[in-house]
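Single-structure report; data block below.
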Amino acid sequence: MVFRKISDYPSLPDVQDDDLVLIGSGDNTYTVKGSVFKAFVAAISSQAVTAAKDAQTAAAEAALAAASVDPAMFLSLIAGKGDNLEFDADEGKLYLTSGGERISDGITVITQGAFARDPLYNGLQNRKVRTSADVTTLLTLEEVRGKSAEELDAIVQKAFDFDNLAEQYERGVKITETFRADGLHRILYKCPACMAEGDMEGKGTELTCHACGKTWFLNEDSRLEATDGVTEFPHIPDWYDWERQEVKREIDRGEYRLDTPVQIGLMVDYKGLYMVGDGWLTHSKDGFRLTGCKGKLNYEQKPCVSHTLNADFYWYCIGDVIGIGNRDCLYYCFPKDVGGRIPPVAKARLATEELYKAAMAERRRPSRTDKPQKGE
Ligand SMILES: [Zn+2]
103 MVFRKISDYP SLPDVQDDDL VLIGSGDNTY TVKGSVFKAF VAAISSQAVT AAKDAQTAAA
163 EAALAAASVD PAMFLSLIAG KGDNLEFDAD EGKLYLTSGG ERISDGITVI TQGAFARDPL
223 YNGLQNRKVR TSADVTTLLT LEEVRGKSAE ELDAIVQKAF DFDNLAEQYE RGVKITETFR
283 ADGLHRILYK CPACMAEGDM EGKGTELTCH ACGKTWFLNE DSRLEATDGV TEFPHIPDWY
343 DWERQEVKRE IDRGEYRLDT PVQIGLMVDY KGLYMVGDGW LTHSKDGFRL TGCKGKLNYE
403 QKPCVSHTLN ADFYWYCIGD VIGIGNRDCL YYCFPKDVGG RIPPVAKARL ATEELYKAAM
463 AERRRPSRTD KPQKGE
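Just so we're aligned, residue 103 is where the sequence shown starts under this note's numbering, counting upward by one.
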């Protein structure tokens, strides 16, 4: 979505603090809360619009209207990295500046403690944990120009590689809340003792498998201890990795399948989510298929479309969600409770990632019918 002309939002009458707003363009579209969006517009409107008006050309106005905002610039400004914005009428681009110098660096904003405070899976119950954020320059513009796409990929990958739970343990952060295991089954949905799926329940300080009765205590370091017998995975991410391998094995055997009734919400603009009723979502080696709206909706998404899946828990207090779609429309699918069970959206995410890897590997494999090209 192209960022709207700033003068379209003089007082932002339509945007409420809790609204979702899309910022960016194409594949770099980010969803932010209305309150953040307002802060952003307030920060740039006094400076960028003035800069554009100073240019006194229709071309500058048009370019500004069409300019899509770089999310890195947006994050930088919110984090106080730059102190001003400058509009270049010739290039039709906005630049973040600091002390009068243009900065176009790659900037990261990495938080600490945010996951421990609000681990997403527990229905928005916050824990008393200090949070902070580091804003650092990952790459300067000169460094970006001097590196290949692969080198840049590796640097970005390393910067965003973290283990919140290992960090909590290393820093000695204690989570003493007695509800700390609530909702943990959203992530740890499969029992390593009896292999049952969908019978786990995280409640209070314990995770229980209702199929075999095994129980694990979640201690204040966020590590698990079986109350009786062997502890398979003290570290939660190890349990999750095991589930990934289990999903991969299901895919390899041709047995993986998600088949669930869903409620459907569509996002087609920045104004909100349009709930359009019931439908059916399937996921298999062929990808996603969503049908609904009394036969009017039939959307398919192949495994190679995305390397991961937007799978979130208790999303905006509506429910666990699987988000698919393209730049024209996003489909938010809320799996329904059938017989007291809601399919784990975390599993759909793992499956999406493993199916993508398989599809890419298949694509790279030379076909037997491929003829050598001239010059090869
Ligand atoms: Zn079990």
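Cβ coordinates follow ideal geometry from the N, Cα and C atoms, glycine included.
> Got a sec? Which residues, its chain only, sit under 7 Å from Y416 by beta carbon, not counting five neighbours each side?
Replying inline: Within the sequence shown, numbered from 1, the residue matching residue 416 stands at position 314. Non-local beta-carbon contacts of Y416 in its own chain, meaning distances under 7 Å to residues more than five positions away in sequence, involve G225, L226, D422 in chain order.
>> Looking at K305: is its Cβ nearer than 8 Å to the Cβ of A283?
In response: Against the sequence shown, residue 305 aligns to sequence position 203. Against the sequence shown, residue 283 aligns to sequence position 181. It is a contact, given that the beta carbons lie within the stated cut-off.
>> Three or more C-beta pairs under 8 Å: does that hold for the segment 332 to 341 against the segment 366 to 383?
In response: no
> Using the C-alpha atoms, what's the distance from E245 back to M302?
Replying inline: Numbered from 1 along the sequence shown, position 200 holds the residue referred to as residue 302. Numbered from 1 along the sequence shown, position 143 holds the residue referred to as residue 245. CA-to-CA, the gap between M302 and E245 works out to about 48 Å.
>> Using the three-state DSSP reduction, which class does A463 fall into: helix, strand or coil?
In response: By 1-based counting over the sequence shown, the position of residue 463 is 361. Helix at A463.
> Helix, strand or coil: which one does DSSP assign to K260?
Replying inline: Numbered from its first residue, the sequence shown carries residue 260 at position 158. Three-state result, K260: helix.
> Who sits around ligand 1, taking every residue whose Cβ is closer than 7 Å to one of its heavy atoms?
Replying inline: C293, A295, C296, A298, D301, C311, A313, C314, K316
> Under a three-way DSSP split, which group does F390 fall into?
Replying inline: The residue given as residue 390 occupies position 288 in the sequence shown. If DSSP states are grouped into helix, strand and coil, F390 belongs with the strands.
> Applying the criterion that 16 or more other CB atoms from any shown protein chain within 10 Å of the CB defines a buried residue, is L320 buried or exposed?
Replying inline: Numbered from 1 along the sequence shown, position 218 holds the residue referred to as residue 320. Buried: at least 16 other Cβ atoms inside 10 Å.
>> Do S234 and Q214 have their beta-carbon atoms positioned less than 8 Å apart in this structure?
In response: Within the sequence shown, residue 214 is the residue found at index 112, counting from 1. Within the sequence shown, residue 234 is the residue found at index 132, counting from 1. For Q214 and S234, yes; Cβs fall inside 8 Å.
>> Am I right that K292 and E345 are in contact with their C-beta atoms under 8 Å? What's the rounded C-beta distance?
In response: One-based indexing of the sequence shown puts residue 292 at position 190. One-based indexing of the sequence shown puts residue 345 at position 243. The pair is a contact, with the Cβ atoms about 5 Å apart (cut-off 8 Å).
> Mapping DSSP to helix, strand and coil, what is P468?
Replying inline: Looking up residue 468 in the sequence shown gives position 366. Here P468 sits in coil by DSSP.
>> Between L457 and I289, how many whole angstroms is the CB-CB distance? I'm expecting something under 8 Å.
In response: Residue 457 sits at position 355 when you count from the first residue of the sequence shown. Residue 289 sits at position 187 when you count from the first residue of the sequence shown. L457 to I289, Cβ: 20 Å. No contact.
>> Pop quiz: T410 and R451 are said to be a contact at Cβ under 8 Å. What is the actual Cβ separation, rounded to whole angstroms?
In response: Taking the first residue of the sequence shown as position 1, residue 410 is located at position 308. Taking the first residue of the sequence shown as position 1, residue 451 is located at position 349. Confirmed, about 7 Å.
> Taking all protein chains shown into account, do 16 or more other C-beta atoms lie within 10 angstroms of the C-beta of K398, making it buried, or fewer, making it exposed?
Replying inline: Counting from 1 along the sequence shown, the entry for residue 398 is found at position 296. Result: exposed.
>> Please tell me whether A448 and A413 are closer than 8 Å, where the distance is taken between their beta carbons.
In response: Working through the sequence shown from its first residue, we reach residue 448 at position 346. Working through the sequence shown from its first residue, we reach residue 413 at position 311. It is a contact, given that the beta carbons lie within the stated cut-off.
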